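Here's the structure, in structure tokens; my notes come after.
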Amino acid sequence: MAVRLAWGVIADRDRGAWLVDTGERVEDHGQEALAGAAVVLGDKNSPAAAVLAARESLAELIGTGGITVAGAGIDLGAGFVSARLAGTGGDRRDAVLAALRILGMDDARRIGERTATLVALFGVTATKPVGAEAERAISEERWAALTLASAAADLLGPEQLVGVLGWEIPEGIDPIPTGAPSALALNLRRVLESYSRPRRLDLLADLWEQVCARQLAVRTRQLLLDSQDLTVEDELHRRYRQHVETESAIVVTGTRKQELSLLDAMHYVPDWNGFWRQRLEWMIQDAIAATVLLRTAVAVQELGVIDGIALMRDQIGTAASLPTKGEIVRARRKGLGISDLPARPVCHLREIDAWLRRHQAMDAAFERFVRARTAHALAYGLVVDNAFNTLVCSRIDVAALPEKWDSESLRSWRYAFGTTDTRQPADWWQIPLVRNRQVDSLAARLAAWADSDVPEAERGERPCELGADLLWYGDLADAIVRMRGHARAEVGWGYLGPHFEANPAVPQPDPLTPRPESIPLAVAGAAQLVSLGAIAPARCREWTRLCAGLMTSGSVAAALSNEFEVAETVLVHDGSTLPGTTARIQIARNAARLAEWSDYMGNCIAGPWYQDQAVRGLSILVALRDEQDTIQVNAELRANRSGWLVSEIYGRFNSEADPALGRALRRWVLGLRRTEPEPAEVTPEAPARPRRAKPNPFLELAPVLREAVRVVFDAAPETLRALTAVAGSPEADPKALTAMRRSPAARLNQLCAEALDADRVSLPDLWSAVNNRPLATALANLDPIPAAKYPRLQTLTADAQLPSKRLRELVKAPELAQARSMDLIALRLRKALVEMAMADAPTFAAALARRPSCDLICTFAIAITSSPDHSYPVTAISDPKSTTVTGFPVTSLADPDGPWQPRLPAAAEFGGGIEQFWERTAESGVLIPLSWLKGGTWQALWARAWAPATR
């Protein structure tokens, strides 16, 4: 029996094939069960010892480079060569490149003749210059350039390939870390075939630069984080607290020799001149020192120790001179049972400054000295940030602060270095930390001075930054997030002071946007868009413009609206564990899920062919995820007469799947059985049966849906009255809905504000109306079984064009047309009300104060509290870390039957989320804008809101 090898090769009949894993002859098994297996080929009569040696040699190569290397035909000695059986994907270039990575140029002859190897890599473009440049790339181990040139060989000419083979990459990155070159070649052809060869080269060069820059930035960020020792953070927190307590006792007693008794501490009342001035001066000094230490750590990591210190030399010296010598000495004293690190970051700066002032050698010892101190920069920054928040939120007596207070240390620092480009005074809207919270921010003072009608010569001195403005805290925030790879901190406005996320999350891009994390991933993303019908823009030389042109294609959005038909016998296993493994089964129900998979896997599983088969129920698309929820493989299940079989299974970038996962998946699929009855056999004599029209699900549910809408209309007639009142209609006229629905968003927002100002509709009534959407309510009241059968009905409630003709016909019925118009208008008005509330619009505040309601107050108080940004005055209606909200009656945030808990999910939609709400309440309590009170009190507002709610 002839042995069929990969890629259409038939082994000679006088040669035998032995499996690498077991040593069994292939002839003794059916090849279908051994598809893609690695084998050794040799004389049929070879002794067992020779076969064993060849198997061991190939097993060692596979252990290093994966099973793909077996297909390269590597000489294993004694007349044996490696091979793979038929049934594997890709082509021979995948195997040759994988083998070259292991063998290198010295052993490349084991793959075969030089010419044959070059032809396998580059096809007809394998000229002598290409071969010479390829050998140089192999010798220098520039595998990314070699792989890209091999994948693009069909698209570029020989001269262009020589240029690609010469491309260099920075050390420590790899633009093509994984993926089969054959798969990359297929995707490149899909994306670039419409361009000329020069434009193809320009696009590839631009993509290469983008990927290298992206990976280099990620690597730099990781090295910067790796340079920081955060294991000392907890110890530094305790050390800093202990030092602050010691220094505070010195301020109270006036001497370092006398201990502060408990009785003295109880009787002591801190004032501005005696205590708070000094305490805030320390805080500013520590913030400046931590900022400089963080900047020094970044400079040292990016430029090296010598150049980094040279760049930061003046800042180090200035920040180190701010505290007195005695304060530095006390900060260096060892704590009782706590870390030996100094309590304040300025001590490390003083040590570096002392080394430089003594003009000691800047040698290897100096580099170790500097890196040991900059390694604690992030820990010190976090400690100072925590100390500032503790001081502002729970320690400092705001009533003791002057209306304007300044800092000598800050003045010295700004005089020497000014402000940074990323944090300008004109953009700093934080309310100053002073007794009167109505004082204008630094940005407001500067804007008022600049916009004054008085001639500039007569305006007086330009407003300057004060310590109370807290801009120095913004500099610290920028330095902390810069350490984690972000250009600028997003500083929000809290209860008493600014706050920011010290470890902000990286925003996730749209799943369909091609990401330049690697060349295979970026090209696969672009190929995915092309397969969905997107057209590449003409005359394009930049990869970014190419992706932007593909993303704007309307066919992409249309393709992702498909819903798939999945057999119930398979669907019930969605989310379960694959038997015999720890992998979780995930089944695609729609095209959007495929786009998510393709974004990570770098394949075209979301392409039109797969979607068409899945919509018709002819195939089922599956992903297997590991315990960390990372996709390991994608697979396609095809229907047969009795059940299902695995048609395709691939790993990331269409690489070969883990054999163990593949075997487990096939065993599981073979156990599935189709529940649909087999069609009866029809004899030739039997009359032909007429084909029955496929049932229309929307026409089937239309009568039921219309009745459900009528029930909603009867239950809440005031909804229509409130919505039409926004347009100025004196009665609940449905015709007004059409004009409102066709109005642009700006016009609708204006109508909403005018209706509230003129009191045509009260704010509680309008809020109730926009949350009572008749069509959405009717769909929710349908029988869940037919509603689940036709999931595309849910698109009726979305503020977007309906994706199918049947849906558009369905909503032409008068009742459904009016219900859909009311739903869309309610959605848009609700958005307008949310924007007004979150921006503290005067119209919203006046309407709320005029007719308060528990629903509105609780919902928007939760949202405003959890939101990171409110550039307007707020006040707390509960104490920090307390669930009790003051007022009459007193309510609890933890009461499931109270007014707060039921509003949490709704407020999470437009606030910062439920988790952020609990974090903010722990810091500052529940917040509301001061404009809601209109000069009154919270107790009066809550009592008026509660009274209607209890009637």
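Numbering (numbering that gives the first Met the number 0), first residue to last: 0 to 950.
Ideal Cβ positions, reconstructed from N, Cα and C, are used throughout, including at glycine.
Since the model is a prediction, treat every value here as computed from it, not as a measurement.
Length-filtered (4 minimum) alpha helix (DSSP H) runs lying within the segment 892 to 916 = 903 to 909
Cα-Cα separation between residue 826 and residue 930, rounded to whole angstroms = As a first step, residue 826 must be located in the sequence shown, where it is residue number 827. As a first step, residue 930 must be located in the sequence shown, where it is residue number 931. Each residue's alpha carbon lies about 26 Å from the other.
ask   = Going by beta carbon distance, what residues of the same chain come within less than 8 Å of residue 133, once the five residues before and after it are set aside?
value = For the purposes of this step, residue 133 is taken as the residue at position 134 of the sequence shown. Only 117, 120, 121, 145, 148, 164 meet the Cβ criterion.
Where residue 414 sits in the DSSP three-state scheme = Locating residue 414 in the sequence shown gives position 415, counting from the first residue. Three-state result, residue 414: helix.
Nonlocal neighbours in the same chain, by C-beta distance under 7 Å from residue 74, ignoring five residues either side = As a working note, residue 74 is residue 75 in the sequence shown. So the qualifying residues of the chain are 80, 109.
query = Can you tell me where the beta strand (DSSP E) with residue 568 in it begins and where it stops?
reply = Mapped onto the sequence shown, residue 568 falls at position 569. It is not in any beta strand (DSSP E) - residue 568 instead sits in the alpha helix (DSSP H) that spans 567 to 570.
task = Pull up the distance between the alpha-carbon of residue 195 and that of residue 530, whole angstroms please.
result = Here the question's residue 195 lines up with position 196 in the sequence shown. Here the question's residue 530 lines up with position 531 in the sequence shown. Distance between the alpha carbons of residue 195 and residue 530 is about 20 Å.
ask   = So what's residue 647 in DSSP terms, helix, strand or just coil?
value = Within the sequence shown, numbered from 1, the residue matching residue 647 stands at position 648. Three-state DSSP puts residue 647 in a strand.
message = Looking only at its chain, what residues have a beta carbon closer than 8 Å to the beta carbon of residue 112, apart from the 5 residues adjacent to it on each side?
response = The count along the sequence shown starts at 1 and reaches residue 112 at position 113. Cβ neighbours of residue 112 beyond the five flanking positions: none.
key: DSSP beta-bridge partners of residue 341   = As a first step, residue 341 must be located in the sequence shown, where it is residue number 342. According to DSSP, which records beta bridges pairwise, residue 341 is partnered with nothing at all.
ask   = Would residue 476 pass as a contact of residue 499 if the rule is Cβ separation under 9 Å?
value = For the purposes of this step, residue 476 is taken as the residue at position 477 of the sequence shown. For the purposes of this step, residue 499 is taken as the residue at position 500 of the sequence shown. Yes, they are a contact pair.
query = Looking at the structure shown, is residue 642 part of a helix, part of a strand, or coil, going by DSSP?
reply = Locating residue 642 in the sequence shown gives position 643, counting from the first residue. If DSSP states are grouped into helix, strand and coil, residue 642 belongs with the strands.
inquiry  = Mapping the DSSP letters down to three states, classify residue 79 as helix, strand or coil.
reply    = Here residue 79 corresponds to residue number 80 of the sequence shown, with the count starting at 1. In the structure shown, residue 79 sits in a strand (DSSP, three-state: E or B).
Contact between the segment 184 to 192 and the segment 516 to 525 (3+ Cβ pairs under 8 Å) = yes
request  = Report yes if the CB atom of residue 321 is closer than 9 Å to the CB atom of residue 310, and no otherwise.
outcome  = Residue 321 sits at position 322 when you count from the first residue of the sequence shown. Residue 310 sits at position 311 when you count from the first residue of the sequence shown. No, Cβ-Cβ distance for residue 321 and residue 310 is not below 9 Å.
query = Does the distance from the C-beta atom of residue 632 to that of residue 649 stay below 9 Å?
reply = To locate residue 632, count along the sequence shown from 1; it is residue 633. To locate residue 649, count along the sequence shown from 1; it is residue 650. In contact: residue 632 and residue 649 (Cβ atoms closer than 9 Å).
request  = Take residue 710 as the anchor and find which of 738, 774, 767 has the nearest alpha-carbon.
outcome  = Indexing the sequence shown from 1 puts residue 710 at position 711. Of the listed residues, the one whose Cα sits closest to residue 710 is 774.
ask   = For the segment 165 to 173 against the segment 537 to 550, are there 3 or more C-beta pairs whose distance is under 8 Å?
value = no
inquiry  = On a Cα-Cα basis, can you pick out the residue from 656, 736, 581 that is closest to residue 600?
reply    = As a working mapping, residue 600 is identified with position 601 in the sequence shown. For residue 600, the nearest C-alpha among the options comes from 656.
query = Beta-carbon separation of residue 345 and residue 318 under 9 Å?
reply = To locate residue 345, count along the sequence shown from 1; it is residue 346. To locate residue 318, count along the sequence shown from 1; it is residue 319. Yes, the pair counts as a contact, with Cβ atoms nearer than the cut-off.
request  = Would you list, in sequence order, the uninterrupted alpha helix (DSSP H) runs of no fewer than 4 residues that lie entirely inside the segment 175 to 262?
outcome  = 180 to 191, 196 to 225, 232 to 252
task = Express the C-alpha separation of residue 474 and residue 482 in angstroms, rounding to a whole number.
result = Stepping through the sequence shown from its first residue, residue 482 is reached at position 483. Stepping through the sequence shown from its first residue, residue 474 is reached at position 475. The alpha-carbon atoms of residue 482 and residue 474 are separated by roughly 13 Å.
task = Compare the C-alpha of residue 752 against each of 840, 793, 739, 864 and name the closest.
result = Position 753 of the sequence shown, counted from the first residue, corresponds to residue 752. The shortest Cα separation from residue 752 among 840, 793, 739, 864 belongs to 840.
key: Contact under 9 Å by Cβ, residue 767 with residue 717   = The residue labelled residue 767 in the question sits at position 768 within the sequence shown. The residue labelled residue 717 in the question sits at position 718 within the sequence shown. Cβ atoms of residue 767 and residue 717: closer than 9 Å.
key: Cross-strand partners of residue 3 (DSSP beta bridge)   = Taking the first residue of the sequence shown as position 1, residue 3 is located at position 4. Paired residues: 9.
key: Spatially closest choice to residue 282 from 249, 239, 307, by CA coordinates   = Along the sequence shown, read from residue 1 onward, the residue named residue 282 stands at position 283. Answer by Cα proximity: 239.
query = Exposed or buried, which one is residue 342 when buried takes at least 16 other CB atoms within 10 Å?
reply = As a working note, residue 342 is residue 343 in the sequence shown. Residue 342 is buried by the Cβ-count criterion.
inquiry  = Taking 8 Å as the cut-off, does the segment 215 to 234 touch the segment 287 to 297 (at least 3 CB pairs, one atom from each stretch)?
reply    = yes
Chain-order list of residues whose beta-carbon lies under 6 Å from that of residue 82 (same chain, five-residue window excluded) = Within the sequence shown, the letter at position 83 stands for residue 82. Counting only Cβ-Cβ distances below 6 Å, and skipping sequence neighbours, we find 4, 38, 40.
task = Taking residue 99 and residue 107 to be in contact with their CB atoms under 8 Å, please state how far apart those CB atoms are, rounded to whole angstroms.
result = Your numbering for residue 99 matches position 100 in the sequence shown. Your numbering for residue 107 matches position 108 in the sequence shown. Rounded, the Cβ-Cβ distance is 6 Å, consistent with contact.
inquiry  = Let's test the definition: count the other Cβ atoms within 10 Å of the Cβ of residue 653 and tell me whether it reaches 16, buried, or not, exposed.
reply    = Within the sequence shown, the letter at position 654 stands for residue 653. Label assigned to residue 653: buried.
request  = Examine the Cβ distances between the segment 853 to 872 and the segment 889 to 900 and report whether three or more of them are shorter than 8 Å.
outcome  = yes
task = Give me the Cα-Cα distance between residue 370 and residue 304, rounded to the nearest whole angstrom.
result = As a working note, residue 370 is residue 371 in the sequence shown. As a working note, residue 304 is residue 305 in the sequence shown. Going by the C-alpha atoms only, they are around 8 Å apart.
ask   = In its own chain, which residues sit with a C-beta less than 6 Å from the C-beta of residue 285, not counting the 5 before and 5 after it?
value = Within the sequence shown, numbered from 1, the residue matching residue 285 stands at position 286. 343, 383, listed in sequence order.
ask   = Taking just the CA atoms, how far does residue 290 sit from residue 365?
value = One-based indexing of the sequence shown puts residue 365 at position 366. One-based indexing of the sequence shown puts residue 290 at position 291. Their backbone Cα atoms lie some 22 Å apart in a straight line.
query = When DSSP labels each residue in this structure, what does residue 836 get in the three-state scheme?
reply = Along the sequence shown, read from residue 1 onward, the residue named residue 836 stands at position 837. It is helical.
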